[in-house]
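Take a look at the structure below.
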Amino acid sequence: MSPTSAPGKAPAGGTAGRRAARPGVHRHPLTRFLVRRVATALLLAVGITLVTFVLTNLVPGDPATANLGQRALGDPALVAQWRAEHGLDEPLPKQYLLHLSGVLQGDLGTSQQSHRPVAEDLAEFVPATIELAGAAIVVSLILGVAFGVIAALRRDRLADQVLRVTSLIGISVPTFWLALVAFYIFFFRLQIAPGSGRLDPGMTPPPKVTGLHTVDAVLAGQWDVFASAAGHLALPALVLALYTIGLLTRFTRSAVLEVLGQDYVRAARAKGLPGRTILFRYVLRSALVPIITVAGLAFGSLLSGTVLVEAIFAWPGIGQYAYKSATALDLPAVMGVGLVVGAVYLVINLIVDVLYGVIDPRVRLS
Amino acid sequence: MATRSRRLATKAALLPVMLTGALALAACSGGGSSTAPASGGAGAGSGAKTLVIDTSFDLKTADPGRTYEPTGLIIGKATYETLLTFDGADVTKPVPALAESYELSGDGKTVTLKLRPGATFSDGSPVTAEDVVFSLNRVRDMKGSPSFLLDGVEVASPGADTVTLTSAKPNPALPYILPNPGLGILNSKVAKANGATADASDKAEKYLNSASAGSGPYMIESFNLTGQVVLKKNTNYWGQNKPVYDKVVLRNVEAATQRLNVQRGDSHVALNLSGDQVANMPATLQVKKTPSANMIFLLNSQNPKISKITSNPKFVEAVRKGVDYKGLLELAGEGSVQAPGVIPSMMLGALPPDAGATRDVEGAKAALKESGLTNPTVKLEYPSELTVNGLSFQPLAERIQANLKEVGITVDLTPAPVTTALDNYRNGKEEMGLWYWGPDYPDPSDYLVFLPGKLVGLRAGWAEGADTALEAEGERVAAIVGDDKRKTAYADLQTKLNAQSPFIPLIQPTQNIVTAASVTGLEYHPVWTVDVADLGAR
Numbered sequence: 001m002s003p004t005s006a007p008g009k010a011p012a013g014g015t016a017g018r019r020a021a022r023p024g025v026h027r028h029p030l031t032r033f034l035v036r037r038v039a040t041a042l043l044l045a046v047g048i049t050l051v052t053f054v055l056t057n058l059v060p061g062d063p064a065t066a067n068l069g070q071r072a073l074g075d076p077a078l079v080a081q082w083r084a085e086h087g088l089d090e091p092l093p094k095q096y097l098l099h100l101s102g103v104l105q106g107d108l109g110t111s112q113q114s115h116r117p118v119a120e121d122l123a124e125f126v127p128a129t130i131e132l133a134g135a136a137i138v139v140s141l142i143l144g145v146a147f148g149v150i151a152a153l154r155r156d157r158l159a160d161q162v163l164r165v166t167s168l169i170g171i172s173v174p175t176f177w178l179a180l181v182a183f184y185i186f187f188f189r190l191q192i193a194p195g196s197g198r199l200d201p202g203m204t205p206p207p208k209v210t211g212l213h214t215v216d217a218v219l220a221g222q223w224d225v226f227a228s229a230a231g232h233l234a235l236p237a238l239v240l241a242l243y244t245i246g247l248l249t250r251f252t253r254s255a256v257l258e259v260l261g262q263d264y265v266r267a268a269r270a271k272g273l274p275g276r277t278i279l280f281r282y283v284l285r286s287a288l289v290p291i292i293t294v295a296g297l298a299f300g301s302l303l304s305g306t307v308l309v310e311a312i313f314a315w316p317g318i319g320q321y322a323y324k325s326a327t328a329l330d331l332p333a334v335m336g337v338g339l340v341v342g343a344v345y346l347v348i349n350l351i352v353d354v355l356y357g358v359i360d361p362r363v364r365l366s
Numbered sequence: 001m002a003t004r005s006r007r008l009a010t011k012a013a014l015l016p017v018m019l020t021g022a023l024a025l026a027a028c029s030g031g032g033s034s035t036a037p038a039s040g041g042a043g044a045g046s047g048a049k050t051l052v053i054d055t056s057f058d059l060k061t062a063d064p065g066r067t068y069e070p071t072g073l074i075i076g077k078a079t080y081e082t083l084l085t086f087d088g089a090d091v092t093k094p095v096p097a098l099a100e101s102y103e104l105s106g107d108g109k110t111v112t113l114k115l116r117p118g119a120t121f122s123d124g125s126p127v128t129a130e131d132v133v134f135s136l137n138r139v140r141d142m143k144g145s146p147s148f149l150l151d152g153v154e155v156a157s158p159g160a161d162t163v164t165l166t167s168a169k170p171n172p173a174l175p176y177i178l179p180n181p182g183l184g185i186l187n188s189k190v191a192k193a194n195g196a197t198a199d200a201s202d203k204a205e206k207y208l209n210s211a212s213a214g215s216g217p218y219m220i221e222s223f224n225l226t227g228q229v230v231l232k233k234n235t236n237y238w239g240q241n242k243p244v245y246d247k248v249v250l251r252n253v254e255a256a257t258q259r260l261n262v263q264r265g266d267s268h269v270a271l272n273l274s275g276d277q278v279a280n281m282p283a284t285l286q287v288k289k290t291p292s293a294n295m296i297f298l299l300n301s302q303n304p305k306i307s308k309i310t311s312n313p314k315f316v317e318a319v320r321k322g323v324d325y326k327g328l329l330e331l332a333g334e335g336s337v338q339a340p341g342v343i344p345s346m347m348l349g350a351l352p353p354d355a356g357a358t359r360d361v362e363g364a365k366a367a368l369k370e371s372g373l374t375n376p377t378v379k380l381e382y383p384s385e386l387t388v389n390g391l392s393f394q395p396l397a398e399r400i401q402a403n404l405k406e407v408g409i410t411v412d413l414t415p416a417p418v419t420t421a422l423d424n425y426r427n428g429k430e431e432m433g434l435w436y437w438g439p440d441y442p443d444p445s446d447y448l449v450f451l452p453g454k455l456v457g458l459r460a461g462w463a464e465g466a467d468t469a470l471e472a473e474g475e476r477v478a479a480i481v482g483d484d485k486r487k488t489a490y491a492d493l494q495t496k497l498n499a500q501s502p503f504i505p506l507i508q509p510t511q512n513i514v515t516a517a518s519v520t521g522l523e524y525h526p527v528w529t530v531d532v533a534d535l536g537a538r
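Chains as they are written, first to last, in UniProt numbering: chain A, 1 to 366; chain B, 1 to 538.
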């Protein structure tokens, strides 16, 4: 039984729980919590730059070799000039401090591949990945939680068995293989999915506001572009989401099953509350904490999964940019991507922590 | 409660079903429009004629002065024009382009070009000698990737319609260098207004990545480094062969996806398919298999500090005779050819096909015996993930290992990521290496780097002075003027290289290009792969 709730009351979802939590907000303001978390996040961000810098410099291979042509490498003066241009002639600690000082001023350096500021490159490629990963996480949350609830409510029946096997497949199948097979079946065989890229060939993207084609097309009222963007997004997003759907289905199922066995749920049933009320106000609310934890972790998996999915669906996001940069030992670009991905993790974790407090007042009280 | 649970479950099930349906609808709505280009060459949504080319991007910039990657050269060739060019795939003779004629001086030091009247940039302004001088000086002095093409070349315009290029040493290769898209002529006024200078402080790249400033048949509409590059028709194009397509879309697509795209009709051209991937293509598609200009070779270090085994000339002979060249061709697929020498088969000075080495296991064993080495073991290094024209180095290395095992040589395979392997290769630290050389320009002088003391020679530990007669021969050949004389001289030089160099030319893998039936005029080109302007529509 929950230490903060009486029998028959929901620990977090009941109005009594909410009332009890309010004084706690004043004793431990959310702002204090946020400030503490943001400060920690900043320290972690610095740690991320250090780890990324050390790791990229540990990789055997010379960036000059990777970036200059055969002839240029034969000219020591040209190689020296190139190294000086990119600050690679400085000692490693100084290189790191210069990079860190640049980052603090909003300058992520210049990509050796594109010859552009890394921040400009990221601004171009990140929205494509956010659109893809965002769609995947939304689909995952809706389908994963719904499937998990269905499986729990139909425990050990056919629907449960089917969903458990399906979710196991979702977790087990490698994303790159799934992407290839899905593209082959839905694009090539069935011809119901559009081809590579974010839009139909030759179609002009909508005016850039957010960089998300689906959103920008709606904002511009370009419905043909929206249809194309949504069509191109659907299959890669579903492929990317399948692992997370499987994960969320399994975690939701076990969380819901655990809550269904609690005394307060039995008491709610005994009181004759409608099933919908029990499910949404008592069961799901309590089961949300582990679900949110898994969803936060899953978002990280989605970001790493985009590298291969982007390659197969020719999706121009940071996955492809990161791969291209890593193979060319483009250190500023690799560190820029590392920082962005790290920042996304930190933000997601922060959101998850805040949501814990919103969902379960005991977290705030502690 | 059980009944309620069932009802709830049924209602909950509706949500995912509806969502899946919505996603399927979204996919279908996109799917319909994406097939438009295949059916009639019409771009989606606009009714314009669009050509879609799928390729694995190797792209850094669209600035011709900085371009040296295959995808960049395709874009450069379509958007800029050079003083000279090649007619189709024939790289043995440069032909006029922005210059209507050219002449190489008897000493091979000066090329005089007369500019073609009437040539204009996309904004309608005429192409002048001033534009040519600025553009070429910019390439040379900006120190970008193609700068070496004009190393030591002075550019001048003695008259309003004349340009001269003068080198301190004889440079008969210059007419073969000038067609390189890296030497495309910029509209100097537009470029200067956007930060172009003829030195390292140039800031025009950002502008030139968003809008081309050339006289080519196409112009840049949009440029995305890892996504796609869209070219639009230059409606003011001055030349006789007007661009056929309103738009050309180059998409960055992996080879496996390229195959499905072109078969489904989502793209018109697939550039990077391997021999296996073009097998069993439907008859409705055109498959072009052409030997590429990439020459894959084995190197044996001549540096005794690196290896006492591979620096033994008789060991190199044993390897040369021990390799099964026909077997390697089977791996490379139909359309590949054996490299008869270091100069690829389509270039001036190439050896005839039957001049290549042949397998002779007994001869190889005899050479190994003469070397005095007993059961030698060598380390073969090569890039693990690199593919050349869709061909991986791994099966080639394995086949060479098996071939040499029969001779009595044990080969330890040492693959490494390309950036790591390149370090050892370029620093001359490999005992035995498996690499390739693609032409910087289609002239035999580009292959003098295989001589002792030169770029690739040094990578094999073949230092200056290692073969003075061959080095002197290289100097002499480099200064010869006249195609016939050069052809004979380079053939002779290669025959000597085949006999006594540490390099063993292996194969030129095939370049497979698949096109839709509607596309006409496609030729594989050793420098710029495809000239988009040559592509037409049925």
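Glycine included, every Cβ here is placed at the ideal spot set by N, Cα and C.
Exposed unless 16 or more other CB atoms sit within 10 angstroms - verdict on B:Ala-87: The residue asked about is misnamed: residue 87 of chain B is Asp in this sequence, not Ala. Exposed.
Pair within 9 Å by beta-carbon distance, A:His-86 and A:Gln-112: yes
Neighbour list for B:Ala-516 in chain A, Cβ cutoff strictly below 8 Å: In chain order: nothing, as chain A lies at least about 13 Å away.
Pairwise C-alpha distance: A:Asp-121 and A:Val-334: 11 Å
Near-chain A residues of the stretch 209-232 of chain B - C-beta to any C-beta below 9 Å: Asn-209, Glu-221, Ser-222, Asn-224, Leu-225, Thr-226, Gly-227, Gln-228 and Val-230
Nearest candidate by alpha-carbon position, reference B:Leu-73, set B:Thr-510, B:Val-532, B:Ala-537 and B:Gly-536: B:Val-532
Integer Cβ distance of B:Asn-224 from A:Pro-316, believed to fall under 8 Å: 6 Å
Residues bridged to B:Asn-252 (per DSSP): B:Thr-55
B:Asp-131 - containing alpha helix (DSSP H), residue span: 129-142
Cβ separation of B:Glu-445 and B:Ala-173, assumed to be a contact under 8 Å, to the nearest whole Å: What sits at residue 445 of chain B in the sequence shown is Ser, not Glu. With a Cβ gap of about 4 Å, B:Ser-445 and B:Ala-173 count as contacting.
Residue range of the unbroken alpha helix (DSSP H) whose run includes B:Lys-206: 205-208
B:Gly-369, DSSP secondary structure in three states: The amino acid at residue 369 of chain B is misidentified as Gly; the sequence shows Lys. Correct three-state label for B:Lys-369: helix.
Own chain residues within Cβ distance below 7 Å of A:Leu-92, not counting five before or after: Asn-57
Cβ contact (3+ pairs, closer than 8 Å) linking the stretch 166-183 of chain B and the stretch 145-154 of chain B: yes
Minimum Cβ-Cβ distance from B:Phe-297 to chain A less than 9 Å: no
Selected residue, minimal CA-CA separation from B:Asp-443, among B:Ala-364, B:Ser-345 and B:Ala-357: B:Ser-345
Close-in-space but distant-in-sequence residues of the same chain around B:Tyr-80 (CB under 8 Å, 5 per side omitted): Pro-64, Pro-181, Gly-184, Ile-185, Leu-186, Ser-212, Gly-214, Ser-215 and Gly-216
Chain A contact for B:Lys-429 (CB, 9 Å cutoff): no
Endpoints, the beta strand (DSSP E) within which B:Ser-115 is located: It should be pointed out that residue 115 of chain B corresponds to Leu in this sequence rather than to Ser. Element bounds for B:Leu-115: 110-115.
Straight-line gap, A:Val-332 to A:Thr-52 (C-alpha atoms, nearest Å): Looking at the sequence provided, one finds Pro at residue 332 of chain A rather than Val. Computed Cα separation, rounded: 10 Å.
Helix, strand or coil at A:Val-283 according to DSSP, with G and I counted as helix: helix
Burial state of B:Gly-118 (16 or more Cβ within 10 Å): exposed
Near-chain B residues of the stretch 72-96 of chain A (beta-carbon distance less than 8 Å), N- to C-terminal order: Ala-72, Leu-73, Gly-74, Asp-75, Leu-78 and Gln-81
Three-state class that DSSP yields for B:Thr-166 in the structure shown: strand
Closer than 9 Å at the beta carbon, the chain B residues around A:Ala-125: The identity of residue 125 of chain A in the sequence shown is Phe, whereas the question assumes Ala. Within 9 Å Cβ-Cβ: Asn-224, Leu-225, Thr-226 and Gly-227.
Within chain B, partners of A:Phe-187 - CB distance below 8 Å: Gly-31, Leu-260, Arg-264 and Asp-266
CB of B:Leu-348 within 9 Å of CB of B:Arg-486, strictly: yes
Three-state secondary structure (DSSP) of A:Ile-292: helix
Pick from B:Ile-409, B:Asn-498 and B:Pro-383 that is closest to residue 540 of chain B, judged by C-alpha positions: There is no way to answer for residue 540 of chain B, as the model of chain B reaches only from 1 to 538.
CB contact flag (B:Thr-50, A:Pro-201, <9 Å): yes
Proximity below 9 Å, CB of A:Val-283 to CB of A:Gly-148: no
A:Thr-56, enclosing alpha helix (DSSP H) - first and last residue: 30-58
Option in B:Asn-137, B:Lys-242, B:Ala-99 and B:Glu-154 with minimal Cα separation from B:Thr-197: B:Asn-137
Helix, strand or coil at B:Lys-232 [DSSP, three-state]: strand
C-beta contact flag for B:Val-337 and B:Ile-504 at 9 Å: no
Beta-bridge pairing of B:His-525 - partner residues as DSSP gives them: B:Thr-529
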